[in-house]
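In my numbering, each residue's number is its place in the sequence shown (first place is 1) plus 505. All C-beta atoms in this analysis are idealised placements derived from N, C-alpha and C, irrespective of residue type, glycine included. If you're wondering where the values come from, they're calculated on a predicted model, not measured in any experiment. For reference, the structure is listed below as structure tokens.
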Amino acid sequence: MRRLINILLPIWLLCVVDIVEDNLAVIEVPQGRGFTYIHAETENMGCTPKEGGHVYVRYEGNGKIAVRCQKVLDNPTNL
Numbered sequence: 506m507r508r509l510i511n512i513l514l515p516i517w518l519l520c521v522v523d524i525v526e527d528n529l530a531v532i533e534v535p536q537g538r539g540f541t542y543i544h545a546e547t548e549n550m551g552c553t554p555k556e557g558g559h560v561y562v563r564y565e566g567n568g569k570i571a572v573r574c575q576k577v578l579d580n581p582t583n584l
């Protein structure tokens with residue numbers, strides 16, 4: 506599993522947003538044969554995700570995960 510994470514480390518994965526409440530989103534991230542669910546604050550995403558929408562997720566090592574909305578990735582000058 507660690508090897509898979511190292512391979513995916515620099516890649517942005519397209520993930521589904523399950524729930525959005527207040528400033529918190531639950532995101533379904535593919536992991537191995539199943540999924541894991543992460544919580545992300547929506548304040549720093551660049552846009553507000555909607556339930557059933559998609560966001561990009563990237564593993565940054567040391568257990569950290571970056572989450573970005575499509576709008577931010579379409580305009581790399583904002584990164």
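Query: In angstroms, rounded to a whole number, what distance separates the CA positions of G539 and V562?; Result: 16 angstroms
Query: Quick one: which unbroken beta strand (DSSP E) runs of 3-plus residues sit fully inside the segment 509-573? Chain order, please.; Result: 518-526, 529-536, 539-546, 559-566
Query: Taking Cβ positions, are N528 and T541 nearer each other than 9 angstroms?; Result: no
Query: When you compare only the Cα positions, how much space is there between C552 and C574?; Result: 6 angstroms
Query: For Q536, which of H544, A545, N549, C520 has the nearest alpha-carbon?; Result: C520
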